[in-house]
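Residue numbers (full-length UniProt numbering): 1 to 380. To start, the structure itself, in structure tokens.
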């Protein structure tokens with residue numbers, strides 16, 4: 001068994017995620033798992049731009065925003081959508097974590113309707129509606145689809161004061177229906193659904209095998225996150241441990257066991273050299289909330305101090321993170337003062353002046369991405 005240190009894991013992920021300062025990185029590794037976008041339009045484009053140095057619309061034809069992993073909005077390569085939809089189709093609602101689906105999956109099964117059947121029916125209704133109403137908002141699509149489907153899929157929602165397709169089922173069905181999200185430029189945080197056309201969703205494999213697609217996604221997860229354990233995969237996918245283990249087993253035959261500071265993990269054999277020999281991370285980076293570095297993370301390994309973990313992963317409104325030589329060294333938030341973006345940095349320990357100055361490059365990218373006229377760094 002190969003043994004590596006935590007520092008080597010951090011160095012590998014820093015390199016795999018394309019985080020060397022200066023931009024120009026190949027974002028393929030993170031696009032294979034997706035870049036989470038929350039709130040809509042806020043994080044995925046910035047995370048991509050900080051890696052590539054390119055404005056987000058320069059690759060608009062090749063990337064799309066969809067509800068994918070855990071039903072959350074993620075930015076993916078358009079060419080990956082057929083295999084992504086095949087991989088993420090859930091047949092048994094009991095495989096989903098209760099925190100994402102509540103009691104709905106169990107109630108659906110008790111009523112004699114499988115989750116997969118419900119998913120397919122809602123997706124079919126969505127495709128029919130998109131043909132009639134090409135660019136609906138979420139509310140418009142839900143209102144149009146809900147009367148068309150089995151009433152068992154449309155429980156009463158006290159918050160909306162209406163019966164509509166259950167929210168997690170709705171979001172998961174959009175991927176199966178081939179719907180992509182396009183942000184409304186005139187209304188920050190709002191979006192509309194569109195059918196993925198030939199230009200935005202090339203399908204070299206139009207009918208992919210679900211098992212093969214899942215194995216590919218497990219391997220993509222390990223490329224970005226590894227070394228890892230089945231429990232890490234299950235948490236990322238929003239699945240109960242047993243379901244995550246079934247996914248893992250599809251790729252397990254080709255994995256190598258690795259020891260990280262005494263703990264047992266698994267990894268790609270063809271990436272072991274990179275794991276052992278990645279250069280030590282250097283530089284200061286400001287990563288947005290929900291960046292793949294923090295979302296694809298075994299949190300105790302990434303940030304051993306519990307108090308610091310609580311500052312990064314909050315119940316709501318996560319901050320961005322400050323990386324110093326690959327390590328999470330603080331958090332940041334942004335506010336607008338007139339036309340200027342003010343980036344407020346709260347380091348976990350005092351940063352010397354050269355480190356503070358090094359953060360200016362990413363602060364400028366953040367300002368440009370958000371349409372500000374300039375940036376100003378403020379250190380707490």
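Glycine included, C-beta positions come from ideal geometry on N, C-alpha and C.
When you compare only the Cα positions, how much space is there between residue i and residue j?
i, j, result
"residue 10", "residue 72", "26 Å"
"residue 92", "residue 339", "50 Å"
"residue 135", "residue 192", "6 Å"
"residue 266", "residue 254", "10 Å"
"residue 317", "residue 53", "26 Å"
"residue 32", "residue 129", "29 Å"
"residue 62", "residue 197", "12 Å"
"residue 377", "residue 40", "25 Å"
"residue 246", "residue 252", "10 Å"
In terms of DSSP beta bridges, what is residue i paired with?
i, result
"residue 67", "73"
"residue 328", "323"
"residue 137", "192"
"residue 341", "336 and 375"
"residue 256", "267"
"residue 160", "According to DSSP, which records beta bridges pairwise, residue 160 is partnered with nothing at all."
"residue 35", "75"
"residue 284", "324"
Starting from residue i, follow the alpha helix (DSSP H) in both directions and report where the run begins and ends.
i, result
"residue 247", "241-252"
"residue 227", "Where residue 227 is concerned, there is no enclosing alpha helix (DSSP H), given that its DSSP letter is neither H nor E."
"residue 165", "Counting along the chain, residue 165 falls outside any alpha helix (DSSP H), and DSSP gives it neither H nor E."
"residue 132", "115-132"
"residue 51", "44-52"
"residue 182", "Premise fails: residue 182 lies in the beta strand (DSSP E), 179-183, not in any alpha helix (DSSP H)."
"residue 88", "81-88"
"residue 351", "First-last for residue 351: undefined, no H or E at that position."
Got a sec, what are the start and stop residues for the beta strand (DSSP E) residue i sits in?
i, result
"residue 25", "Careful: residue 25 lies outside any beta strand (DSSP E) and carries neither H nor E."
"residue 3", "2-4"
"residue 96", "Looking at the DSSP string, residue 96 is not in any beta strand (DSSP E), and its letter there is neither H nor E."
Looking only at C-alpha atoms, which of the options sits nearest to residue i?
i, options, result
"residue 99", "90, 52 and 168", "168"
"residue 131", "178, 25, 101 and 149", "178"
"residue 21", "379, 335, 324 and 374", "324"
"residue 371", "379, 336 and 345", "336"
"residue 35", "268, 103 and 77", "77"
Any chance the region 249-262 sits against the region 286-295, with 3 or more Cβ pairs inside 8 Å?
no
Is there contact here, the region 275-286 with the region 347-359, by at least three beta-carbon pairs under 8 Å?
yes
Per the contact definition of three or more C-beta pairs closer than 8 Å, is the region 296-308 in contact with the region 39-49?
no
Contact the region 324-332 vs the region 71-87: 3+ CB pairs below 8 Å
no
Hey, is the region 149-156 in contact with the region 105-124, meaning 3+ C-beta pairs nearer than 8 Å?
yes
Cβ pair count under 8 Å reaching 3, the region 268-281 against the region 221-235:
yes
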